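Undergrad: Numbering (my numbering), first residue to last: 10 to 399. We put the beta carbon where it would ideally sit given N, CA and C, even for glycine. Only a predicted model underlies this, so the values are computations on that prediction, with no experimental measurement involved.
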Amino acid sequence: MEVREPILHVDMDAFYASVEVHKDPSLRGKPVIVGGRGGRGVVTSASYEAREFGVHSAMPAITARRLCPHAVFLSNDFESYQIYSERIREVFLSFSPLVEPLSLDEAFIDVSGSVRLFGEPVAIGAQIKRAIAELGLGCTVGVAPNKFLAKIASTRAKPDGLLLVPADEVEPFLHPLSVGALWGVGETTAEVLRRLGLRTVGDVAHVSRRTLERAVGDSLGAHLHSLASGLDDRAVVPHESSKSVGSEETFESDLDANDDILREILRLSDRTAGRLRAKGMCGRTITLKVRWSNFKTITRARTLTEAVDTAAEIYAVARDLYTRLGPDRPRIRLLGVSLSGLGPGPPRRQLGLLAAAAPRWEEATRAIDDIRDRFGDGSVGPATLLDGPS
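#1: Taking the alpha helix (DSSP H) that Leu275 falls in, what are its first and last residues?
#2: Does the stretch 233 to 244 touch the stretch 139 to 158, meaning 3 or more C-beta pairs lie closer than 8 Å?
#3: Please tell me whether Ser54 and Ala26 are closer than 7 Å, where the distance is taken between their beta carbons.
#4: In the DSSP output, which residue or residues are listed as bridge partners for Trp301?
#5: Quick check: is any heavy atom of the ligand GTP less than 6 Å from the C-beta of Ala135?
#6: Alpha helix (DSSP H) containing Glu99: first to last residue?
#7: Just how far apart, CA to CA, sit Pro168 and Gly145?
#8: Out of Ser84, Leu271, Glu315, Val30, state which residue places its alpha-carbon closest to the alpha-carbon of Glu58.
#9: Do the stretch 211 to 220 and the stretch 261 to 279 touch if we need at least three Cβ pairs shorter than 8 Å?
#10: On the premise that Gly255 lies in contact with Gly350, defined as a C-beta separation below 8 Å, what is that separation, rounded to the nearest angstrom?
#11: Taking the alpha-carbon of Ser112 as reference, which of Arg98, Ser123, Ser347, Phe104 has the nearest alpha-carbon?
#12: Please list, in chain order, all residues of the same chain as Leu183 whose beta carbon is under 6 Å from its beta carbon, the five residues on each side excluded.
#13: Which class does Arg243 belong to by DSSP, given the choice of helix, strand or coil?
#14: By alpha-carbon positions, which one of Asn85, Glu257, Val19, Ser89 ends up nearest to Ala140?
#15: Going by C-alpha distance, which of Leu107, Gln136, Gly189, Thr319 is nearest Phe117?
#16: Which of helix, strand or coil does DSSP assign to Gly361?
#17: Name the one or two DSSP bridge partners that Cys291 has.
#18: How many angstroms separate the CA atom of Tyr324 from the CA atom of Met290?
#19: Going by Cα to Cα distance, which pick from Gly189, Glu109, Pro339, Leu344 is closest to Asp265?
#20: Would Asp279 be called buried (16 or more neighbouring beta carbons within 10 Å of its own) or exposed?
#21: Hey, Ala73 and Val52: beta-carbon distance below 7 Å or not?
#22: Looking only at its own chain, which residues have a Cβ that is under 7 Å from the Cβ of Val12, when we skip the five neighbours before and after it?
#23: Taking buried to mean at least 16 other C-beta atoms within 10 Å of its own C-beta, is Lys298 buried or exposed?
#24: Might you give, ordered along the chain, the residues of its own chain that have their beta carbon closer than 7 Å to the beta carbon of Leu330, omitting 5 neighbours on each side?
#25: Do we get a CB-CB distance below 7 Å when we pair Glu315 with the residues of chain D?
#26: What does DSSP give as the partner residues of Thr149 in its beta bridges?
#27: Which residue marks the beginning of the beta strand (DSSP E) containing Ser121, and which one marks its end?
#28: Helix, strand or coil: which one does DSSP assign to Gly255?
#29: Would you call Ser163 buried or exposed, if buried means 16 or more other Cβ atoms sit within 10 Å of its Cβ?
#30: Going by CA-CA distance only, name the one from Ala224, Ile341, Leu17 that's closest to Thr197.
#31: Along the chain, where does the alpha helix (DSSP H) that runs through Pro181 open and close?
#32: What did DSSP end up calling Leu1 once you bin it into helix, strand or coil?
#33: Can you say whether Arg300 is buried or exposed, counting buried as having 16 or more other CB atoms within 10 angstroms of its CB?
#34: By the 10 Å Cβ neighbour count, where 16 or more other Cβ atoms means buried, how is Gly170 classified, buried or exposed?
#35: Whose C-beta lies closer than 8 Å to the C-beta of Arg369 among residues of the same chain, with five residues either side of it excluded?
#36: Which first and last residues belong to the alpha helix (DSSP H) in which Leu229 is found?
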């Protein structure tokens, strides 16, 4: 099932100030300013009560004191903010393994693989808001077809909001906004665009790309033209973790035939399983990475109830993740298979009809690992790979 608005941008509301209020409930309802305790300090966060007086982040503390002299001024407590950020991250990961943190208090989440478990993306956004509220904090969620639109949606829904940008309503949402809404447009670029008579995102979308490239340079011009059209093909990329094991391959010739693609996914699953067992680990989250011939990169992931460490188990999930991409796709330039959510192996096997065969299967797996240790990774592998390309 295609998910048309799979990207969430979650932004915590006045994060540092909200953490301080949660730590000390007597501050609730009062203007709280964090980071401005010293006369030469800079405000890092202000509660919404303080913002009513014009106080905002990055403001000199002396200015904040003049605007809101009765506020509670507090020093930064980054240790606490890190602890709360980790709790928030755990909430995100409970809905999808594809979480790209931007800072302590915001992240992109790709929920395209989560709708069967948790419902439509908007419903997932609402569940995330409730889970964050249980931590004593508030957040705003933007839901959209891509990162750029999700970020704008969350900004416009502040505070404590949830805003969906439907895939078929991108232009009515985006085009009335000022050019400053486009990533990469600061005051200087905005002035250049205004001199061309371009004041809204819609204006930028309707001018030729070549006109933009001549005005602000080829790279930025092409970038702004795409964003103004609501296009942003960047994948949500989880930060690399030391607790992940995987393998990927870039092909000399782009792959198109399903048999070839599945054979390579099996090869990568087998290689990943071997590396996993060599580390004495097993994992629960399987991620498939695909780079199309047009260089767009996507990832799909699934978290299992029980950890796994064999090629067959990994391949079964990776194959299904690939199949769900559908038949209408570009050729494939790169494939990758990885496992995260790691723990010590071997995994605990479910009891069932195959339980009696488990010891023999594990013995065979150990024998394969021993052969590879002595003669190399390519010395033994699934028979399906024998007639495939090397």
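TA: Considering the structure as presented:
#1: As a first step, residue 275 must be located in the sequence shown, where it is residue number 266. Its alpha helix (DSSP H) spans residues 267 to 287.
#2: yes
#3: Your numbering for residue 54 matches position 45 in the sequence shown. Your numbering for residue 26 matches position 17 in the sequence shown. Yes, the pair counts as a contact, with Cβ atoms nearer than the cut-off.
#4: Residue numbering aside, residue 301 sits at position 292 when the sequence shown is read from its first letter. DSSP lists Ile341 as partners of Trp301.
#5: This structure lacks the ligand GTP, and indeed carries no ligand of any kind.
#6: Residue numbering aside, residue 99 sits at position 90 when the sequence shown is read from its first letter. Here the alpha helix (DSSP H) through Glu99 covers 87 to 102.
#7: Along the sequence shown, one-based indexing puts residue 168 at 159. Along the sequence shown, one-based indexing puts residue 145 at 136. Straight-line Cα distance between these residues: approximately 15 Å.
#8: Here residue 58 corresponds to residue number 49 of the sequence shown, with the count starting at 1. For the residues Ser84, Leu271, Glu315, Val30, the minimum Cα distance to Glu58 belongs to Val30.
#9: no
#10: Here residue 350 refers to the residue found at position 341 when the sequence shown is read from its first residue. Here residue 255 refers to the residue found at position 246 when the sequence shown is read from its first residue. Gly350 to Gly255, Cβ: 13 Å. No contact.
#11: In the sequence shown, residue 112 corresponds to position 103, counting from 1. The residue with the shortest Cα to Cα distance from Ser112 is Arg98.
#12: Position 174 of the sequence shown, counted from the start, is the residue given in the question as residue 183. Cβ within range, chain order: Val210, Gly239.
#13: One-based indexing of the sequence shown puts residue 243 at position 234. Looking at Arg243 - three-state DSSP - the assignment turns out to be coil, as it is neither helix nor strand.
#14: In the sequence shown, counting from the first residue as 1, residue 140 sits at position 131. Nearest option by C-alpha distance: Val19.
#15: In the sequence shown, counting from the first residue as 1, residue 117 sits at position 108. When only C-alpha atoms are compared, the closest one is Leu107.
#16: Looking up residue 361 in the sequence shown gives position 352. In this prediction, Gly361 scores a pLDDT of 43, lower than 50, which makes its location untrustworthy; the coordinate-derived value is nonetheless stated afterwards. In the structure shown, Gly361 sits in coil (DSSP, three-state: anything other than H, G, I, E or B).
#17: Position 282 of the sequence shown, counted from the start, is the residue given in the question as residue 291. According to DSSP, Cys291 bridges with Gly352.
#18: On the sequence shown, residue 324 is found 315 positions in, with the first residue counted as 1. On the sequence shown, residue 290 is found 281 positions in, with the first residue counted as 1. Rounded to whole angstroms, Tyr324 to Met290 spans 17 Å at the Cα level.
#19: Position 256 of the sequence shown, counting from 1, holds the residue named residue 265. With distances taken between Cα atoms, Asp265 lies closest to Pro339.
#20: To locate residue 279, count along the sequence shown from 1; it is residue 270. Buried, by the Cβ-count rule.
#21: What you label residue 73 is simply residue 64 of the sequence shown in a count that begins at 1. What you label residue 52 is simply residue 43 of the sequence shown in a count that begins at 1. Cβ distance < 7 Å, so Ala73 and Val52 count as in contact.
#22: Start at 1 with the first residue of the sequence shown, and residue 12 comes out as number 3. So the list reads Ser121, Val124, Pro130, once near-sequence residues are dropped.
#23: Working through the sequence shown from its first residue, we reach residue 298 at position 289. It counts as buried.
#24: Here residue 330 corresponds to residue number 321 of the sequence shown, with the count starting at 1. Here the set comprises Leu297, Arg309, Arg311.
#25: Structure shown: chain D not included; a single protein chain is present.
#26: By 1-based counting over the sequence shown, the position of residue 149 is 140. Partner(s): Asp20.
#27: As a first step, residue 121 must be located in the sequence shown, where it is residue number 112. That residue, Ser121, is in no beta strand (DSSP E); it is neither H nor E in DSSP.
#28: Looking up residue 255 in the sequence shown gives position 246. Correct three-state label for Gly255: strand.
#29: Locating residue 163 in the sequence shown gives position 154, where the first residue counts as 1. Buried.
#30: Taking the first residue of the sequence shown as 1, we reach residue 197 at position 188. Of the candidates Ala224, Ile341, Leu17, the one whose C-alpha sits nearest the C-alpha of Thr197 is Ala224.
#31: Start at 1 with the first residue of the sequence shown, and residue 181 comes out as number 172. Pro181 -> alpha helix (DSSP H) spans 179 to 183.
#32: Because residue 1 is not part of the residues shown, which for the chain are 10 to 399, the question remains open.
#33: Position 291 of the sequence shown, counted from the start, is the residue given in the question as residue 300. Looking at its Cβ environment, which holds 16 or more other Cβ atoms inside 10 Å, Arg300 is buried.
#34: Here residue 170 corresponds to residue number 161 of the sequence shown, with the count starting at 1. With 16 or more Cβ atoms within 10 Å of its Cβ, Gly170 is classed as buried.
#35: Mapped onto the sequence shown, residue 369 falls at position 360. Only weak support exists for where Arg369 lies, its pLDDT of 49 falling under 50; the value from the coordinates is given anyway. Counting only Cβ-Cβ distances below 8 Å, and skipping sequence neighbours, we find nothing.
#36: Here residue 229 corresponds to residue number 220 of the sequence shown, with the count starting at 1. Start and end: 227 to 237.
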